[in-house]
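S.K.: Each residue of the sequence shown is one higher than the one before, counting from 4 in the working numbering. Heads up, the beta-carbon is just placed ideally off N, CA and C, and yes, glycines get one too. Quick one: the structure is below, and I'll ask about it shortly.
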Amino acid sequence: MTQVLDYAKRLMAEGSDEEPVENLFAIRRGPAGSRHFAFAGHVDVVPPGEGWASDAFAPEIRGDLLYGRGAVDMKGAVACMAAAVAEIPTEAGTLSFIITGDEEGPAINGTRKLIDFMRENGHQPDVCLVGEPTSVKRLGDMMKIGRRGSVNIWLEVDGTQGHVAYPHLADNPIPRLVAILAELDALVLDEGTDWFQPSNLEITEIAIPNRAHNVIPASAKARISIRFNDRHSGASLSEKVGEIAEKHGGRAVPVISGEPFLTPPGTFSAIIAAAVKAETGLNPEPSTTGGTSDARFLRAVCPVIEFGLCNATMHKTDEAVAVADLEVLSKIYARIARAALAQE
4 MTQVLDYAKR LMAEGSDEEP VENLFAIRRG PAGSRHFAFA GHVDVVPPGE GWASDAFAPE
64 IRGDLLYGRG AVDMKGAVAC MAAAVAEIPT EAGTLSFIIT GDEEGPAING TRKLIDFMRE
124 NGHQPDVCLV GEPTSVKRLG DMMKIGRRGS VNIWLEVDGT QGHVAYPHLA DNPIPRLVAI
184 LAELDALVLD EGTDWFQPSN LEITEIAIPN RAHNVIPASA KARISIRFND RHSGASLSEK
244 VGEIAEKHGG RAVPVISGEP FLTPPGTFSA IIAAAVKAET GLNPEPSTTG GTSDARFLRA
304 VCPVIEFGLC NATMHKTDEA VAVADLEVLS KIYARIARAA LAQE
């Protein structure tokens, strides 16, 4: 790493309610006034679960595959980024790594804190590539030019506890919660856009704190999750849900985890497509499907697109990546960085 970079900052981000997070910002400066290309990724992983054929945290090659938690999502891509940078001469321009240890978790003290650091020190890149595993069937068949936003909302309805034989002495909150959920479930948020699928609202949890069959509960809760396109914002959807909840005597408590973003097809996506075509022969499909990533934060700094390994085994038991794909991805990343730095 010391042969690749001339500056690296290990950042310990601390929050009042969260565990400290280790982040890394590293930069190799090019000539004065040159363009700045950034690779972004994360090295934290989800828990491995049970049933692995080998130690999830002891990488092992069996046949043509490298097994281990994070091989796909996304330590493999981070390794490919480092290999790519080693192939690019310093005079080509400025290169940097934006690497966090807080992407799979709360995502509070990770990339957001790195962005603050970059802004404070004048390290904003011109474009950024996030190494999320975007490929589906073959390496190179898809890139993400945007993502939908995400908001989770708790619905709460209070009542008065009582005996089921004396309902006039109680106030059952469940019918009101059911009415809220029925109205929300019937909503058609939109029909989609040119680049985004229709927004969807899903009921994900219903919680009634009642262990006795003959007791009317004092409260009832539910949770909904909305994935939304760029026709909405987290605030506008939270307000809509809140109005429906209030109409039926309930309240809504939203948590917005990300807004939608789109990097419209153009020069950057064309650079990525050309690099993929040169190494794989494929034309990557520009897509906005799937879940959220830290690109939702980086979009506020510069144009950002995601491209990486095949995602079939991410978050699964025996997560694995083809060794050959790692070799090809490092070459693709090098091509992308060279072309992005050469852009005028």
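Looking at the structure shown, is Asp-193 part of a helix, part of a strand, or coil, going by DSSP?
M.R.: Coil at Asp-193, not helix or strand.
S.K.: List the DSSP bridge partners of Lys-146.
M.R.: Inspection of the sequence shows that residue 146 is occupied by Met rather than by Lys. Answer by DSSP bridge pairing, in chain order: Pro-289.
S.K.: Which value, in whole angstroms, describes the spacing of the CA atoms of Ala-61 and Val-191?
M.R.: Approximately 47 angstroms, taken between the alpha carbons.
S.K.: Let me know the secondary structure DSSP gives Glu-63 once reduced to three states.
M.R.: It is a strand residue.
S.K.: Per DSSP, what kind of secondary structure is Tyr-70 in: helix, strand or coil?
M.R.: Here Tyr-70 sits in strand by DSSP.
S.K.: Taking all protein chains shown into account, decide if Asp-197 is buried (16 or more other Cβ within 10 angstroms of its Cβ) or exposed.
M.R.: By the neighbour-count rule (16 or more Cβ atoms within 10 Å), Asp-197 is not buried but exposed.
S.K.: Taking the beta strand (DSSP E) that Ile-259 falls in, what are its first and last residues?
M.R.: Ile-259 -> beta strand (DSSP E) spans 254 to 261.
S.K.: Determine which residues share a DSSP beta bridge with Asn-155 and list them.
M.R.: Paired residue(s): Ser-228, Val-258.
S.K.: Going by CA-CA distance only, name the one from Arg-299, Phe-199, Val-154 that's closest to Ser-241.
M.R.: The candidate whose alpha carbon is nearest that of Ser-241 is Val-154.
S.K.: Could you tell me the alpha carbon to alpha carbon distance between Asp-161 and Ala-248, rounded to whole angstroms?
M.R.: Rounded to whole angstroms, Asp-161 to Ala-248 spans 12 angstroms at the Cα level.
S.K.: Closer than 7 angstroms by C-beta to Thr-320: which residues in its own chain qualify, once you throw out the five before and the five after it? Chain order, please.
M.R.: Same-chain partners within the cutoff: Gly-52, Gly-54, Trp-55.
S.K.: Sorted by chain position, which residues of the same chain lie with C-beta nearer than 6 angstroms to Ile-211's C-beta, five sequence neighbours on each side aside?
M.R.: For Ile-211, where only same-chain residues beyond five positions count, the Cβ hits under 6 angstroms are Pro-220, Ala-223.
S.K.: Using only alpha-carbon positions, find the residue among Leu-187, Thr-163, Leu-184 that is nearest to Pro-176.
M.R.: Selected option, being the one with the closest Cα: Thr-163.
S.K.: Which residue or residues does DSSP assign as beta-bridge partners of Glu-208?
M.R.: Per DSSP, Arg-226.
S.K.: Helix, strand or coil: which one does DSSP assign to Val-279?
M.R.: Reduced to three states, the DSSP call for Val-279 is helix.
S.K.: Start and end of the alpha helix (DSSP H) containing Phe-100?
M.R.: Unbroken run through Phe-100 is the beta strand (DSSP E), 97 to 103; no alpha helix (DSSP H).
S.K.: Would you mind sorting Leu-172 into buried or exposed? The rule is 16 or more other CB atoms within 10 Å of its CB.
M.R.: With fewer than 16 other Cβ atoms within 10 Å, it is exposed.
S.K.: Given this structure, state the Cα-to-Cα distance separating Ser-296 from Gly-113, to the nearest angstrom.
M.R.: Each residue's alpha carbon lies about 12 angstroms from the other.
S.K.: Counting only runs of 4+ residues fully inside the stretch 106 to 146, write out the alpha helix (DSSP H) ranges in chain order.
M.R.: Here the runs fully enclosed are 114 to 123.
S.K.: Applying the criterion that 16 or more other CB atoms from any shown protein chain within 10 Å of the CB defines a buried residue, is Glu-94 buried or exposed?
M.R.: Classification for Glu-94: exposed.
S.K.: Can you tell which of Asn-213, Gly-245, Ala-273, Glu-135 has the C-alpha that lies nearest to the C-alpha of Val-46?
M.R.: Measuring from the Cα of Val-46, the nearest candidate turns out to be Glu-135.
S.K.: In angstroms, rounded to a whole number, what distance separates the CA positions of Glu-322 and Val-49?
M.R.: Between Glu-322 and Val-49, the C-alpha separation is close to 11 angstroms.
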